[in-house]
Amino acid sequence: MIAALVAWFVADLVSVAANRIVPGEGVATLDAIGWGGVLAGSLAMLAVAILGFRPNPRKYRAALIVTVTMLMALPAVLALAAARLADSDMPQARLGIGPGFWVVLFVTLLAMIELRTRLGVSRLNGWVLMLPVVLSWWLCLSLWLAPLALLQEFRGRSDQFVSAVLYHLALVGAAVGTSLVLGVALALAMRRFPTLQRAGFGVLNFLQTIPSLALFGLLLAPLAWLAANVEWVSTLGVRGIGWAPALIALVAYSLLPMVRNTFVALSQVDPGVIESARGMGMSHVQVFLQVRLPLALPVMLEGVRITTVQAIGLTAVAALIGAGGLGGFIFQGLGQAAMDLVLLGALPILGMALVADALLGALSERLRPGGAK
Amino acid sequence: MNEHGVQWRANRALRHWRLPLAWLVLLTALTVGMAELESVFRWVEADSRQVIYDRADFVTLLGRHLLVVSVASLLATLIGVSAAIAVTRHAGQDFLPLVAQIASMGQTFPPVAVLALAVPVLGFGTLPIIVALLLYGLLPIVRNTLAGLQGIEPSILEAARGMGMSGGQVLRQVELPLAAPVILAGIRTSVTVSIATAALGATVGASNLGDPIISGIVNGNTAYILQGALMIGLLALTVDSTFERLTVRRISR
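Written out as structure tokens, the structure is:
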């Protein structure tokens, strides 16, 4: 919190640029939102810092309320800054978000998460807590934040953005789906044939070590050759660049966590449980489907979670070899030195990874025997 | 010890390090002798005039790559291990949940996003990459060090303290040696990810082994891409197999 306070005063809250090309000019918090705003923000931060000093549950709850209110107020701060700084002479002006704002946002989020764990708020209540924050952000973004550079970047290519998000999700989904089927099959085969186990894990470990950029590169040449020389491959739309190498590489990376978790999950089911199921007269297939699989499911889902999060990030790299998706915005933005375009690509990827992580984590917790119902 | 014994030990050491050595030899051979392979690459990329990447020689590229990765990894190891030790001591216990939370949540951040977000703050060039690698590389090290230190049975610590060891002695002679394999595994993950992410640094203006790949993609020159990809792949394999051998050795002792 002290760090946030320092950032609040010292660092530039926002930057203003006359247009897209000119680099932004920093504006300190004081100039951006005026005395009243600064005072209110400082008071809120001080309150949290003081409440955290001699902790007890009541103080924690109060601090939590203050942090949530702060999170709700942050977009309003931006809106206020936009209103004060907007110049009617410059309709092209853009408002960038400065480091000061990022630090405050980050620290406040951290404080909220920390308080949430300390108070032992359940997952569902945690989401309810986020609801007003999301609502307030959405409201401010749609009503008052028109000059925000990020938003202008978005408006310029909203169709592209939507299709990029969908494409990104489709690639991730296809990769995770394929590797789920392949991974489970491989894990089952490994259980049946122990000799396969060593070789299989060896190959998968080897694949995992190869850096993503290198693997994409190495796949490019053979796929281009295949597309050029084998007719049915090229009619499928497989080419050296594009979705084909991306999908293959994604599946290759996804297999290790998937196979490892499935294998471990199936192996660690208590033999006593299997024994008693057999004793009840269940057939092999029944034992597998009704006992082993349900017991192994949480750990397998953990594998799906790791794989999904990993694939969301790797798909961004795949944009380099022409696979499209949100990574395209990142690299396009880096190429044009347009940082808000980079953010437009990076923030949704981050959000997707966090949401996928939270959802699948919650699902596997729920499926755990004796877990929260 | 007689001569025979020395020979035997040398042989065993050689056999132990066989795999990393093999990768290292391949990597060096490729670094020095890339030009010799021109005919091979010519066959891959028949149309282009230039088939060997020549904007910088491969020794320089490899050197820069190694420099960035090793600076970031060394700092990450130092900071990560000491941070994890600090929060497992009595005085720093308040921060334990916070640090553990950051370490596990941060790992869901994709490296590309971290790299991309570092650029607006730090600018283009080598420095932002080192900082991004450092921040990202911290997470597995912190997490594994925490897991290693917390995984030690309390009765062992009790016994060590009962023998009259001071806090520092327990840390140095009991906790760290016991946690070493797990910590080493964390460093291994961190370095492997760093090598891969550093290659992406070529897109934000750092010149390293990612360069041939990026310029190959831009110019449509498959030979460049292959050269860069082979080098990075071999580098990753060399480093990873070295770590693997190190871990095996620690356990077998």
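These protein sequences, in sequence, are chains A and B. Mapped onto my numbering, the consecutive letters of the first sequence carry residue numbers 13 to 385. Mapped onto my numbering, the consecutive letters of the second sequence carry residue numbers 52 to 304. All C-beta atoms in this analysis are idealised placements derived from N, C-alpha and C, irrespective of residue type, glycine included.
Could you compute how far the alpha carbon of residue i sits from the alpha carbon of residue j?
i, j, result
"A/V34", "B/A167", "Per-residue confidence for A/V34 stands at a pLDDT of 38, beneath the threshold of 50, marking its modelled position as unreliable; the derived number appears in the next sentence. Roughly 20 Å between the two C-alpha positions."
"B/D262", "B/G279", "7 Å"
"A/H180", "A/I324", "8 Å"
"A/T327", "A/T221", "17 Å"
"B/M216", "B/I130", "26 Å"
"A/G12", "B/T177", "This structure leaves residue 12 of chain A out entirely; chain A is present only between 13 and 385."
"B/A250", "B/T243", "11 Å"
"B/L184", "B/P162", "8 Å"
"B/L77", "B/M85", "11 Å"
"B/V225", "B/A135", "16 Å"
"A/G315", "A/A264", "14 Å"
"B/I265", "B/G284", "15 Å"
"B/G83", "A/L375", "The displayed chain sequence assigns Val, not Gly, to residue 83 of chain B. Computed Cα separation, rounded: 52 Å."
"B/N195", "B/L149", "15 Å"
"B/A257", "A/A289", "60 Å"
"A/L216", "A/R272", "10 Å"
"A/G345", "B/V290", "33 Å"
"A/L353", "B/L186", "23 Å"
"A/G189", "A/L259", "11 Å"
"A/A211", "A/L307", "27 Å"
"A/V281", "A/G195", "18 Å"
"A/D101", "A/L356", "Here A/D101 scores only 47 on pLDDT, less than 50, and its place in the model is too uncertain to base an answer on."
"A/V367", "B/A64", "48 Å"
"A/F228", "A/L267", "16 Å"
Taking residue i as part of the alpha helix (DSSP H), name the residues at either end of that continuous run.
i, result
"A/D171", "170 to 204"
"B/W68", "Element bounds for B/W68: n/a, residue is neither H nor E."
"B/P232", "227 to 251"
"B/T177", "177 to 201"
"B/R212", "205 to 213"
"A/S295", "No alpha helix (DSSP H) holds A/S295; DSSP gives it neither H nor E."
"A/S224", "224 to 241"
"B/G261", "261 to 270"
Give the DSSP-derived three-state secondary structure of residue i in the structure shown.
i, result
"A/F341", "helix"
"B/L285", "helix"
"A/G254", "coil"
"A/N217", "helix"
"B/R140", "coil"
"A/V281", "coil"
"B/Q158", "coil"
"A/A328", "helix"
"A/R380", "coil"
"B/I103", "coil"
"B/T298", "helix"
"A/A264", "helix"
"B/D108", "coil"
"A/M270", "helix"
"A/S288", "helix"
"B/S124", "helix"
"B/S292", "helix"
"B/V257", "This sequence places Ala at residue 257 of chain B; Val is not what is there. Reduced to three states, the DSSP call for B/A257 is coil."
"B/M85", "helix"
Under a Cβ-count criterion, where at least 16 other Cβ atoms within 10 Å of its own Cβ denotes burial, should residue i be classed as buried or exposed?
i, result
"B/E209", "exposed"
"A/A201", "exposed"
"B/M214", "exposed"
"B/F109", "buried"
"B/F92", "buried"
"B/L197", "buried"
"A/F205", "exposed"
"A/F118", "exposed"
"B/V138", "buried"
"A/V78", "buried"
"A/D171", "exposed"
"B/T273", "buried"
"A/W255", "buried"
"A/A390", "Any property of residue 390 of chain A remains undetermined from this structure, which presents chain A solely from 13 to 385."
"B/G252", "buried"
"A/R317", "buried"
"A/T320", "buried"
"A/V311", "buried"
"B/T248", "buried"
Can you find a C-beta in chain D that's less than 8 Å from the C-beta of residue i?
i, result
"A/T221", "In summary, chain D is missing from the structure at hand, where the protein chains are A and B."
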